[in-house]
Amino acid sequence: MLNAKQAVLWATVLILPLSVTVSHAETEEELAKKLANPVAALISVPFEYKYDQNLGPNDEGTQRTLVVKPVIPFSLNDDWNLITRTIIPYVWLDGVTPGSSSNGFGDIQASFFFSPKKPTSRGVTWGVGPILQIPTSSSNGLGRNEWGAGITGLALTQNGPWTIGLLGSHTWDIAGADTDQSDTFVQPFLNYTTPDAWTFVLNTESTYDWIADDWSVPINANVRKLVTLGDQRVSFTVGVRNWIKSSDNGPDGWGATLGATMLFPK
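Numbering-wise (the working numbering), the sequence shown opens with residue 132 and increments by one.
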């Protein structure tokens with residue numbers, strides 16, 4: 132039989148490791164907030180399926196895009212992280228050119244953010260670095276199919292359930308490209324995360340083509356829910372968008388997004 136002193140000792144030995152594990156385990160709400168931060172030290176692999184309509188000269192074309200966007204952080208030292216974000220699109224076009232269809236990979240974009248591990252004294256998280264455009268377009272109309280490079284950066288703040296920030300980049304043509312390129316991408320975003328890991332997202336993914344003097348501006352409204360399936364954390368996304376401005380022969384009206392993001396917290 133254990134006496135009272137031994138019972139307390141064994142209870143401490145058994146319960147202390149459990150309490151440490153629970154206190155250090157990230158909750159779904161905490162992970163959902165990390166997911167709202169593009170430069171969080173969190174490995175994630177998003178899959179997004181996008182549908183857009185009313186493309187082409189007759190506004191009868193459709194575009195479907197499957198995008199894989201792995202995010203992988205690397206710890207450089209005690210103060211800095213390197214966050215890599217890669218966008219790999221596969222595109223289906225139907226009826227954009229009347230009576231024809233095509234599909235294949237678009238151009239890959241790889242971004243590299245050097246980001247401090249701790250926010251500034253004012254609570255701002257930021258990152259900046261190069262962006263590389265890799266010519267992987269497999270047919271005309273699915274991308275520029277030319278090398279490009281530029282600079283990318285972001286800044287955000289998280290206060291309670293709110294995440295407010297701005298992501299941007301600019302890409303120029305390089306390596307003797309056949310056509311000129313000078314594109315600016317701007318993505319202001321506003322996220323609200325609830326204690327049960329629902330996240331409501333409002334943003335725009337706007338692009339300005341300086342050569343053509345042309346804007347593409349979709350307004351996106353998404354809802355995300357982070358869940359645990361066995362040992363795997365997954366965030367599911369459903370959303371709509373409306374194109375308030377698009378390039379010639381670009382999408383018009385409403386579009387939709389479905390997605391799932393695999394999370395791999397440390």
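Don't be surprised by glycine CBs; every beta carbon is placed ideally from N, CA and C.
Which of helix, strand or coil DSSP assigns to Lys181
In the sequence shown, residue 181 corresponds to position 50, counting from 1. DSSP places Lys181 in the strand class (E or B) of the three-state scheme.
So, Gly370 versus Ala352, is the Cβ gap smaller than 7 angstroms?
Within the sequence shown, numbered from 1, the residue matching residue 370 stands at position 239. Within the sequence shown, numbered from 1, the residue matching residue 352 stands at position 221. Yes, the Cβ-Cβ distance between Gly370 and Ala352 is below 7 angstroms.
Under 7 angstroms, Cβ to Cβ, is there at least one residue of chain D near Ser246?
Within the model displayed, chain D is absent; a lone protein chain is all it includes.
What whole-angstrom Cβ distance do Gly226 and Gly274 have, given they're in contact under 8 angstroms?
Numbered from 1 along the sequence shown, position 95 holds the residue referred to as residue 226. Numbered from 1 along the sequence shown, position 143 holds the residue referred to as residue 274. Not really, about 19 angstroms apart at Cβ, beyond 8 angstroms.
Straight-line Cα distance separating Leu173 from Val153:
Reading the sequence shown from its first residue, position 22 is the one you call residue 153. Reading the sequence shown from its first residue, position 42 is the one you call residue 173. No answer about Val153 holds up, because its pLDDT of 31 lies below 50 and its placement is not dependable.
Cβ-Cβ distance between Gly279 and Gln312 below 7 angstroms:
Start at 1 with the first residue of the sequence shown, and residue 279 comes out as number 148. Start at 1 with the first residue of the sequence shown, and residue 312 comes out as number 181. Contact: yes.
If we count the other Cβ atoms within 10 Å of its Cβ and call it buried at 16 or more, is Ser150 buried or exposed?
Within the sequence shown, the letter at position 19 stands for residue 150. Note that Ser150 scores 35 on pLDDT, short of 50, meaning its location in the model is unreliable and no value can be drawn from it.
Identify whether Leu321 lies in helix, strand or coil by the three-state DSSP scheme.
Taking the first residue of the sequence shown as 1, we reach residue 321 at position 190. Collapsing the DSSP output to three states places Leu321 in a strand.
From Pro169 to Pro201, what distance separates their C-alpha atoms?
If you number the sequence shown from 1, residue 169 lands on position 38. If you number the sequence shown from 1, residue 201 lands on position 70. Pro169 and Pro201 have their C-alpha atoms roughly 11 angstroms apart.
Return helix, strand or coil for Lys164, following the three-state DSSP convention.
By 1-based counting over the sequence shown, the position of residue 164 is 33. Note: Lys164 maps to helix in three-state DSSP.
Whole angstroms is fine: what's the gap from Thr338's alpha carbon to Thr315's?
Here residue 338 is taken as the residue at index 207 of the sequence shown, counted from 1. Here residue 315 is taken as the residue at index 184 of the sequence shown, counted from 1. Approximately 6 angstroms, taken between the alpha carbons.
Spell out a yes or no on whether the stretch 160-167 and the stretch 319-337 are touching, meaning 3 or more CB-CB pairs, one atom from each, closer than 8 angstroms.
Remark: three or more beta-carbon pairs, one from each stretch, lie closer than 8 angstroms, so the stretch 160-167 and the stretch 319-337 are flagged as touching.
Pro261 and Phe245 closer than 7 angstroms at C-beta
Reading the sequence shown from its first residue, position 130 is the one you call residue 261. Reading the sequence shown from its first residue, position 114 is the one you call residue 245. Cβ atoms of Pro261 and Phe245: not closer than 7 angstroms.
Could you tell me which of Ala308, Val348, Leu197 sits nearest to Ser378, measuring between CA atoms?
On the sequence shown, position 247 is the one that residue 378 refers to. Of the candidates Ala308, Val348, Leu197, the one whose C-alpha sits nearest the C-alpha of Ser378 is Val348.
Short check: CB of Ile239 to CB of Ile203, under 7 angstroms?
In the sequence shown, the residue the question calls residue 239 occupies position 108. In the sequence shown, the residue the question calls residue 203 occupies position 72. Contact: no.
Kindly indicate which residue of Gly361, Pro292, Val259, Gly386 has the alpha-carbon position closest to the one of Met393.
On the sequence shown, position 262 is the one that residue 393 refers to. With distances taken between Cα atoms, Met393 lies closest to Gly361.
Residues sharing a beta bridge with Asn276, DSSP
Here residue 276 refers to the residue found at position 145 when the sequence shown is read from its first residue. Listed as beta-bridge partners of Asn276 by DSSP are no residues whatsoever.
With distances taken Cα to Cα, identify the nearest neighbour of Phe395 among Val365, Ala387, Asn380, Gly384.
Within the sequence shown, numbered from 1, the residue matching residue 395 stands at position 264. Of the listed residues, the one whose Cα sits closest to Phe395 is Val365.
Taking Trp374 as the reference, give the member of Ile350, Gly235, Leu357 with the closest Cα.
By 1-based counting over the sequence shown, the position of residue 374 is 243. That would be Ile350, whose Cα lies nearest to the Cα of Trp374.
For Ser269 and Asp210, I'd like the C-alpha separation in whole angstroms.
To locate residue 269, count along the sequence shown from 1; it is residue 138. To locate residue 210, count along the sequence shown from 1; it is residue 79. For Ser269 and Asp210, the distance between alpha carbons rounds to 41 angstroms.
Residues in the same chain with beta-carbon distance under 8 angstroms from Ile305, minus the five sequence neighbours each way, listed in chain order, please.
Mapped onto the sequence shown, residue 305 falls at position 174. Excluding residues within five positions, the ones whose Cβ falls inside 8 angstroms are Trp278, Gly279, Ala280.
Inter-residue CB distance, Leu224 and Gln184 (contact presumed, cutoff 8 angstroms)
Taking the sequence shown and counting its residues from 1, the one referred to as residue 224 is at position 93. Taking the sequence shown and counting its residues from 1, the one referred to as residue 184 is at position 53. No, Leu224 and Gln184 are not in contact; Cβ-Cβ is about 12 angstroms, not under 8 angstroms.
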